[in-house]
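Take a look at the structure below.
Numbering (my numbering), first residue to last: -6 to 199.
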């Protein structure tokens, strides 16, 4: 994988003597999971979802959660708006038991349950909608093969995470702690998140 080789070259360890391919692949997996937990949009992807009949819906198994429902994608191309459950309960009491339709007007999502969402009105089976979802990254294999789930513009952020973990391995030596801290700062800045602080070189994501 190009990202692993690029990092190994920067670490002056192109032969993977100090940091094995398997170890660097593990750092990539950890970095993607951490980025997803803090910024799900880093793995965002457009999907056409075929909805289940009724109100309650779930994202596909390979997804971390729903980010947005954009519009209907069948005969109707009507835009879909997110609303709060309280607002919908107030304006349309009993909305969940209404007749099934062939287009969605609103959706409701609770951030505590990112994989599931409700639609209004209740829909017939297989009504298509255009959605933006966050993909769950598949693990990069120990031999360095696999796919990076994070969008291309975040590749540099992931490289900084990989280097942060690598330098943290020997943080007690020389300037390694400073190198690790610099790459951690670059990683969190690229994602626009508030970084956890570590003065010891210990991994704040673990």
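Even for Gly, the Cβ is constructed at its ideal location relative to N, Cα and C. As the structure is a prediction and not an experimental result, all values here were calculated from the model.
Answer yes or no: do residue 224 and residue 117 have a C-beta to C-beta separation smaller than 8 Å? Coverage of the chain is limited to positions -6 through 199, which leaves residue 224 absent and any answer about it impossible.
If you run the structure through DSSP and keep just helix, strand and coil, what is residue 65? Start at 1 with the first residue of the chain shown, and residue 65 comes out as number 72. The answer is strand: DSSP assigns residue 65 an E or B state.
8 Å Cβ cutoff met for residue 138 and residue -6: Residue numbering aside, residue 138 sits at position 145 when the chain shown is read from its first letter. Residue numbering aside, residue -6 sits at position 1 when the chain shown is read from its first letter. Contact: yes.
Applying the 10 Å Cβ sphere with the 16-neighbour rule, what's the burial state of residue 187? As a working note, residue 187 is residue 194 in the chain shown. So residue 187 ends up on the exposed side.
Roughly how far, in whole angstroms, is the beta-carbon of residue 18 from the beta-carbon of residue 164, given that I think they are within contact range, below 8 Å? To locate residue 18, count along the chain shown from 1; it is residue 25. To locate residue 164, count along the chain shown from 1; it is residue 171. Residue 18 to residue 164, Cβ: 21 Å. No contact.
With a CB to CB cut of under 7 Å and the five nearest residues on each side skipped, what residues in its chain are close to residue 39? The residue labelled residue 39 in the question sits at position 46 within the chain shown. Excluding sequence neighbours, residue 39 sits near 123, 125.
For the stretch 3 to 44, which segments carrying the beta strand (DSSP E) assignment without a break, of at least 3 residues, lie completely within its bounds, in sequence order? 37 to 43
Tell me which residues share the same chain as residue 35 and place their Cβ nearer than 6 Å to its Cβ, disregarding the 5 neighbours each side in the sequence. The residue given as residue 35 occupies position 42 in the chain shown. Closer than 6 Å at the Cβ level, and outside the excluded window around residue 35, lie 28, 143, 147.
Could you pull the start and end residues of the alpha helix (DSSP H) that residue 178 belongs to? Counting from one through the chain shown, the residue named residue 178 turns up at place 185. It spans 169 to 184 - the alpha helix (DSSP H) in which residue 178 sits, taken as one unbroken run.
Going by beta-carbon coordinates alone, are residue 67 and residue 33 separated by less than 8 Å? Here residue 67 refers to the residue found at position 74 when the chain shown is read from its first residue. Here residue 33 refers to the residue found at position 40 when the chain shown is read from its first residue. No, the pair does not count as a contact, with Cβ atoms beyond the cut-off.
Per DSSP, residue 130 is paired with what? For the purposes of this step, residue 130 is identified with residue 137 of the chain shown, where counting begins at 1. The partner list for residue 130 (beta bridge, DSSP) is empty, contrary to what the question assumes.
Sorted by chain position, which residues of the same chain lie with C-beta nearer than 6 Å to residue 74's C-beta, five sequence neighbours on each side aside? Along the chain shown, read from residue 1 onward, the residue named residue 74 stands at position 81. Correct list, in chain order: 99.
Where are the beta strand (DSSP E) runs, 3 residues long or more, that stay fully inside the stretch 88 to 142, in chain order? 99 to 101, 109 to 116, 121 to 128
What does a CB cutoff of less than 6 Å around residue 194 pick up in its chain, not counting 5 residues either side in sequence? Stepping through the chain shown from its first residue, residue 194 is reached at position 201. For residue 194, the predicted model reports a pLDDT of 47, less than 50, meaning its position is unreliable; a value from the coordinates is still stated below. Around residue 194: 161, 164, 170, 173.
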